[in-house]
Amino acid sequence: MPAFRGSMKKQRFLNLVKGSSIARRVLLVLLAAVVLSNAVVIFSTISTLEQQLLEQRQQQLRAEAERLSLQFDAYIGELLRDVAFLRHAPAVIGLMESRAVDAKSAASAHWRDHLQQAFLQMLAAKPMSVQIRLIDANGQEVVRVDRYGSGGQVRVVEDADLQNKAHRDYVQAGLALPEDVVWLSDIGLNRENRQIMQPPHAVIRAVTPVYDSQGQRRGVIVVNHRLEEMFSRIGEAAQDELAHSIVRSGGDYILHPDRSKTFRFEYGERSTLVDDLPEADQFLADPNRQVWQTQTTVGDQRRLFALKKLGYQLGSKRQQLAVVVSLPYRDAMVVSRELLKKQSVFVVTTLLVFLVLATILAQKIVAPLQHMRAVIQQKGRATRAEDLPVDAYAEVGALAREFSALLDELTAQQRALENEIVQRRTVQTELEQNLGRVARANKELEQFAYIASHDLQEPLRTIKSFVGLFEQKNAENFDEQSQQFLAFINQSASRMELLINGLLEYSRLGQDAPWEPVNCHSLVADVCDDLAVQIRERGASVRFRGLPTIVGHAASLRMLFQNLIGNGLKYVKDDVVPCVEISAQACENGWQFCVKDNGIGIDEAHRERVFLIFQRLHGREDYPGTGIGLAQCKKIVEQHGGNIWIDSARDGGSCFCFTLLGEQHGKT
-8 MPAFRGSMKK QRFLNLVKGS SIARRVLLVL LAAVVLSNAV VIFSTISTLE
42 QQLLEQRQQQ LRAEAERLSL QFDAYIGELL RDVAFLRHAP AVIGLMESRA
92 VDAKSAASAH WRDHLQQAFL QMLAAKPMSV QIRLIDANGQ EVVRVDRYGS
142 GGQVRVVEDA DLQNKAHRDY VQAGLALPED VVWLSDIGLN RENRQIMQPP
192 HAVIRAVTPV YDSQGQRRGV IVVNHRLEEM FSRIGEAAQD ELAHSIVRSG
242 GDYILHPDRS KTFRFEYGER STLVDDLPEA DQFLADPNRQ VWQTQTTVGD
292 QRRLFALKKL GYQLGSKRQQ LAVVVSLPYR DAMVVSRELL KKQSVFVVTT
342 LLVFLVLATI LAQKIVAPLQ HMRAVIQQKG RATRAEDLPV DAYAEVGALA
392 REFSALLDEL TAQQRALENE IVQRRTVQTE LEQNLGRVAR ANKELEQFAY
442 IASHDLQEPL RTIKSFVGLF EQKNAENFDE QSQQFLAFIN QSASRMELLI
492 NGLLEYSRLG QDAPWEPVNC HSLVADVCDD LAVQIRERGA SVRFRGLPTI
542 VGHAASLRML FQNLIGNGLK YVKDDVVPCV EISAQACENG WQFCVKDNGI
592 GIDEAHRERV FLIFQRLHGR EDYPGTGIGL AQCKKIVEQH GGNIWIDSAR
642 DGGSCFCFTL LGEQHGKT
């Protein structure tokens, strides 16, 4: 027995997860809700964290660029102070003044020894200084002390090795300076005898003029500072993931993690920041921008960048540098990736626990429903209330009770439906019989109208014929009153003939006429051609444009427009020039036409009556006609599924409006 119950539970679980059951849908909806909510939370958290990390890293890059800027400023400031100190050294002034008198005198030798010692002491105290020189006004080196001795020892260069530097730009610039001004060179590789020294090292030269006590310029002092130590300090102080670079104003690298990219301009080549970061070109060229940040892809790696300009002797654009600090975007977002991993593990664990709990809950909900479905499938309409779980808890019991009531109601409705079907079949049979009688009556009516019109017209033709013969034979014997009586007989017979023909046309409207596309614009134009004589005699105008193409009976529509336009030309006072305007606009399921005239108008009380057959508002003496035209118009419009009515025209007259239902083919 326990084994049987276990197999039943297993089967219910399989039924639960198979097919498109309610339980499966509930599980899917709940899982989707949990996954979606967690995804939204994770996405929102990660997005906020990444934004904060990005701002934090950008602040870090700006701070690092600012630190390098301050470090470089301090370095330059120290160099300027060293040069200013040497410029006013007594040994410098004494040597230059004694050389002005006699370069080989004992005084010159004395001051030269003192100056060499001063230079040696400064080099010993300043590890970044690699060379100090005193150069006279002719560009000739007078004293030179450097670190290029054996093993990098500080040495005094022998007189035989002193060079003339008059051709160098820094000497020429220094000799042109006023007193107490320092000139700083571009940063480049140090050269001796016009060759780059090996191993190459970057230097910057500080040059200041030397004036004697009489204010005469005697030469310049040149101090070469080596930048390798400063570059090393930058690298040591930086965090591991940061990359530092320094570029000149043109973008050439003088410091880069890849040493092969530095100072390529010294060898006639170019390796620039713009090659790696094209967006930096505008920043370097704009003198008003000092700081710039961006993120972009360099090679196959996305990086964050912070750039800050450095200036020394800011009046010269040539002496502008820019510090570049960059960080891989992936390193900046490492915290967010770790958080995403942890949250993913948490979400997966939550989903698994939720899936187990939701499955158990869904099974409890669905089990009574599955029982009810099995009973209904087995017994169908024979299901009784006691077969359903009407006493089950909550919504399931309510559903079973409602379903039981529904079965009773459906049974009653089915019986009612069967009775209704029988009644409808009876009515359908009667309707078909009535339609047959109507069809026969219509056919008989058509035959009657045809026969009646011919039988009625035959006596009229006989009357008109004998009246004519009588008038011809006795014309001389008739007085004026007799002739008037004969005219009345002829007019009445002609009018009766017109009425009979009109009645015949009215009865035949639309019979056996094919439905086809009708271009209303061309149709109205043809009608105007038919009425050309009447239009020309009255000097009338008929205006129309933009009329559409519709599907209908061409002959009937022609009669419709001819009657309305003809009425607009006829029912006008003698002193008024007739004007008829025809327009159309799209409406629901078709088109609405308006035929407006400037005639005598129709009183609102008679606007329904005029559409009845043989109804006239005016005497035949004033406005001849049969009284059938507007009745024909109404019948034609109704045959096309529309309505016709009369509105008052704004400037007097009448406006006949009618709708023609059917496919809209557009205006022409």
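So for the sequence shown, this note's numbering puts the first residue at -8; every next one is plus one.
Glycine is no exception: its CB is placed at the ideal position from the N, C-alpha and C atoms.
- Rounded to the nearest whole angstrom, the C-alpha separation of S236 and L153 is 36 Å.
- The C-beta of S473 has fewer than 16 other C-beta atoms within 10 Å across all chains shown, which makes the residue exposed.
- Within the model, the alpha-carbon separation for P191 versus I178 is close to 13 Å.
- The shortest C-alpha to C-alpha distance from V458 to any of A516, A313, N481 is the one to N481.
- Judged by their CB atoms, L233 and E88 are not nearer to each other than the 8 Å cut-off.
- Straight through space, the alpha carbons of R124 and G68 are spaced by roughly 19 Å.
- In this structure I454 does not touch M550 by the C-beta definition: roughly 29 Å separates them, more than the 8 Å allowed.
- Residue pairing of V214 in beta bridges, as defined by DSSP: I123, A197.
- Rounded to whole angstroms, the Cβ separation of L295 and V314 is 15 Å, and the two are not in contact under 8 Å.
- A Cβ-Cβ distance of about 7 Å is found for the pair I637 and C646, placing them in contact under the 8 Å criterion.
- In this structure, L275 and S317 do not form a Cβ contact; the two beta carbons are roughly 16 Å apart against a cut-off of 8 Å.
- Collapsing the DSSP output to three states places H101 in a helix.
- Burial check for G165: the Cβ neighbour count within 10 Å reaches 16 or more, so the residue is buried.
- DSSP places V344 in the helix class (H, G or I) of the three-state scheme.
- R103 sits close to L86, with the two beta carbons spaced by under 8 Å.
- Cβ neighbours of K252 within its own chain (closer than 7 Å, five residues either side excluded): Y244, S262.
- Looking from the CA of D267, the closest CA among V289, E260, N279, W283 belongs to V289.
- S236 is bridged by DSSP to V315.
- As a beta-bridge residue in DSSP terms, A575 pairs with F584.
- For G559, the enclosing alpha helix (DSSP H) starts and ends at 545 to 561.
- Taking L603 as the centre and dropping the five residues before and after it, the same chain places the C-beta of A622 closer than 7 Å to its C-beta, in chain order.
- When the Cα atoms are used, W174 and L168 turn out to be separated by approximately 8 Å.
- Under the DSSP assignment, L168 falls outside any alpha helix (DSSP H); it carries neither an H nor an E label.
- Residue state for N634 is assigned as coil, using DSSP reduced to three classes.
- Of the residues assessed, L27 falls on the exposed side of the cut-off, its CB having fewer than 16 other CB atoms within 10 angstroms.
- Judged by DSSP in its simplified three-state form, Y139 adopts coil rather than helix or strand.
- S645 carries a strand assignment under DSSP once its states are collapsed to helix, strand and coil.
- Looking only at S176, V83, E170, the smallest Cα-Cα distance to V133 is reached by V83.
- Burial is judged here by how many other beta carbons sit within 10 angstroms of a residue's own beta carbon; N558 has at least 16 and is buried.
- In the same chain as S513, and ignoring 5 residues on each side of it, no C-beta atom comes closer than 7 Å to its own.
- Taken through DSSP and simplified to helix, strand or coil, Q205 comes out as coil.
- If you compare the alpha carbons of Q163, V214, R138 with that of M188, the shortest gap goes to R138.
- Less than 8 Å divides the Cβ of V571 from the Cβ of V533.
- With contacts defined by Cβ atoms closer than 8 Å, D64 and K117 do not form a contacting pair.
- Between Q281 and Q49 the beta-carbon gap is near 16 Å, outside 8 Å, which marks them as no contact.
- Between C648 and R406, the alpha-carbon positions lie close to 51 Å from each other.
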